[in-house]
Structures are given as structure tokens and as C-alpha cells.
Amino acid sequence: MTHVGFIGLGSQGAPMARRVIDAGHATTLWARRSATLAPFADTPAKTAATPAELASACDLVCVCVVDDADVEGVVLGDDGVLAGLRGGGVIAVHSTVHPDTVHRLADRARAHGVQVVDAPVSGGAPAAAQGRLLVMAGGEGGTVDYCRPVFETFGDPVVHVGPLGSGQVAKLLNNLLFTANLATAADTLSLGRSLGLDPKRLAEVVRRGSGSSFALARVAAAGGDLDAMAQNAGPLLRKDVGLLAQLAGAAGAEPGSVLQAADAALRLMDHQR
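This is the structure we're talking about:
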């Protein structure tokens, strides 16, 4: 079986890594903080002192850190993944980043005989723990197929969207629409309150009707507005909406009302882009 390295053991990466380990793949972990590795002490996973040391033992290195700078740091740094990964190895970027970042990594990796796949995920920690994350993969078909058995330990479905960078574009569009839906859901519940309806009861009705959405469920669970979500979700959604706006601008594409609604949600969370 593929020897897997996993970097990025946060709220989503940790359950993903555990699924890989539980599936029987030899796994090596690296984290900046030793406390992050503590939950894996009861597993057969090994740990490495640096990303390069991790990569030297692995065939596939999965990277699930926060943003573009973090991805480039752990991959391209002096003790980064590329400093240790053998020719024929693969790097899978599960982080949500700009497609250009993935292409820059791929250009550098190619000189080492290493392939890159972008495979951002959607669903959050509960879906990761249950093995039902949506995995949106971009890259060469044969390389994606090589990674698929590992991706399927935490993902269902695993969708090959297209060439390198396509996974990131799909994920950014998904997050753009989710952010827009947060605004429309919050405004709908607020309007219902103004018209004399209990927001909880209204949410219960709409969730069973044609106006339902994942965003509505999140807003209802948070009390009917975006205040409770703002601290954690706000910065991440601002990053993703900003990246998508950059892509659209560079392509001369008109995002239309979806970007306007997403910007409204960011304003409600006080995280304007």
C-alpha cells in the first residue's frame, strides 16, 4: 500500500489522517507543535522531525494547511517536502489556495520528478471522520487515479474535475456560493422575524421546503444570524471569496449576483474583503 505522509492536523486534517491510518496505510506525520501529534499516540503512525524527513519515507504527501503561504512553506522550504521526496512521488494539496499557487508548486516539483495534484475538500470535520468528504481533484488522470485509494479513505465522492488547478477553482466556486447562501439565509430569517415569525420555526419550515440549503441549516443552528460564525468562518470565507474574485477579474468573467451576495455575508460577519 502507498506510504502516506500527512501535514496539517487541524480540525479537518486530523480526522482525514486518522482515516488514512485506520485504512492500513503506513503513515508518517509532521506538525509544528508536538501537542498536535498527541492524539495519534495510540496509532501505528510514525512522526518526523521535518517535512523533508517525512517526505523521504513516503510515496504520497498530503498537505492540509491553512493558506497559500503555509502550503509553499511546508513544500518549498529548506526542510520542505520537495527537499526529501523521491522522484516518482506525489504531493496532494488539500488546502484551499489560488490555482496559481498549485501551478508554481508543480513547476518546482517537476524538476524533482515529482507530481502535484490539487484535491481540496468540503464537508468539515464530521464528514472527514465519517469518510464522506467531497474531494475535488485536479491533475493528470493517471496521477489522480494513483491517489484515489488514499483519497477514498476519507472522501466520498472523489471527483476528478479536470487538469491541475481545476479542483481549486471548483472549491472556490463552492465556497463562493455557500457564502452567498449564508447572506440570503440570514436575511430571510431576519425578515421573517420582522414579519412576526419565530426564526427557529421558520427555519424548520424552510429546511423542508424548496428554499432549503446547507447554509440555512448552519445559520439556524447558530441562532438565526452570522454573529456566532464570524470569528472562525469569517476570515476563511473572506480569503476564498477574495481568491475567486481575483480569478474572475483576471479572466474577465462577470460573477454577477453571487459575488454581491457573498460580499453581503462578509459584511454581516464584519470581515469585508
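Under my numbering, the letters of the sequence shown match residues 14 to 286, in that order.
The C-beta atom is built at its ideal place from N, Cα and C for all residues, glycine as well.
Buried or exposed for residue i, going by 16 or more other Cβ atoms inside 10 Å?
{"i": "A233", "result": "buried"}
{"i": "T114", "result": "buried"}
{"i": "K213", "result": "exposed"}
{"i": "Q143", "result": "exposed"}
{"i": "V171", "result": "buried"}
{"i": "D120", "result": "exposed"}
{"i": "D218", "result": "Reading off the sequence, residue 218 comes out as Val, not Asp. By the 10 Å Cβ count, V218 comes out exposed."}
{"i": "D131", "result": "buried"}
{"i": "L257", "result": "buried"}
{"i": "A62", "result": "exposed"}
{"i": "R251", "result": "buried"}
{"i": "M14", "result": "exposed"}
{"i": "R145", "result": "exposed"}
{"i": "S179", "result": "buried"}
{"i": "A82", "result": "exposed"}
{"i": "Q181", "result": "buried"}
Would you mind working out which of the options sits nearest residue i, comparing C-alpha positions?
{"i": "G86", "options": "T49, A142 and I20", "result": "I20"}
{"i": "A278", "options": "G265, A246, G144 and G97", "result": "A246"}
{"i": "S69", "options": "V163, L95 and D81", "result": "L95"}
{"i": "A263", "options": "T201, V103, G93 and P112", "result": "P112"}
{"i": "H284", "options": "A48, A274, A138 and L249", "result": "L249"}
{"i": "A65", "options": "M149, A58, K59 and W43", "result": "W43"}
{"i": "P28", "options": "L67, L89 and A140", "result": "A140"}
{"i": "S108", "options": "G224, L67, D276 and D253", "result": "D253"}
{"i": "N188", "options": "T201, K59, S135 and L229", "result": "S135"}
{"i": "V88", "options": "Q128, T49 and R280", "result": "Q128"}
{"i": "S203", "options": "G236, G152, A124 and V174", "result": "G236"}
{"i": "R46", "options": "T60, A39, H125 and H38", "result": "T60"}
Examine the ligand ATP and report whether any of its heavy atoms sits within less than 8 Å of the Cβ of residue i.
{"i": "L73", "result": "For the ligand ATP, the structure offers nothing, since it holds no ligand at all."}
Secondary structure at residue i, three-state DSSP: helix, strand or coil?
{"i": "L239", "result": "coil"}
{"i": "D276", "result": "helix"}
{"i": "G18", "result": "strand"}
{"i": "V115", "result": "helix"}
{"i": "Q143", "result": "helix"}
{"i": "D92", "result": "coil"}
{"i": "S207", "result": "helix"}
{"i": "Q259", "result": "helix"}
{"i": "Q128", "result": "strand"}
{"i": "S223", "result": "coil"}
{"i": "G151", "result": "strand"}
task = Could you say if the stretch 87 to 102 and the stretch 267 to 277 meet the contact criterion of at least three C-beta pairs nearer than 8 Å?
result = Judged by Cβ distances under 8 Å, the stretch 87 to 102 makes no contact with the stretch 267 to 277, as fewer than three pairs qualify.
Three or more C-beta pairs below 8 Å linking the stretch 73 to 93 and the stretch 48 to 59 = No, the stretch 73 to 93 does not touch the stretch 48 to 59.
inquiry  = Threshold first: 3 residues or longer. Then list the beta strand (DSSP E) segments lying entirely within the stretch 160 to 194, N to C.
reply    = Entirely contained in the stretch 160 to 194, the beta strand (DSSP E) runs reaching 3 residues are, in chain order, 168 to 175.
inquiry  = Below 8 Å, how does it come out for the stretch 21 to 33 and the stretch 157 to 170: are there three or more Cβ pairs, yes or no?
reply    = Judged by Cβ distances under 8 Å, the stretch 21 to 33 makes contact with the stretch 157 to 170, as three or more pairs qualify.
query = So does the stretch 148 to 158 actually touch the stretch 195 to 214, counting three or more Cβ pairs closer than 8 Å?
reply = They do not touch, by the three-pair rule.
Complete alpha helix (DSSP H) runs within the stretch 19 to 93 (minimum length 4 residues, chain order) = For the stretch 19 to 93, whole alpha helix (DSSP H) runs of length 4 or above, ordered along the chain, are 26 to 35, 47 to 50, 64 to 69 and 81 to 89.
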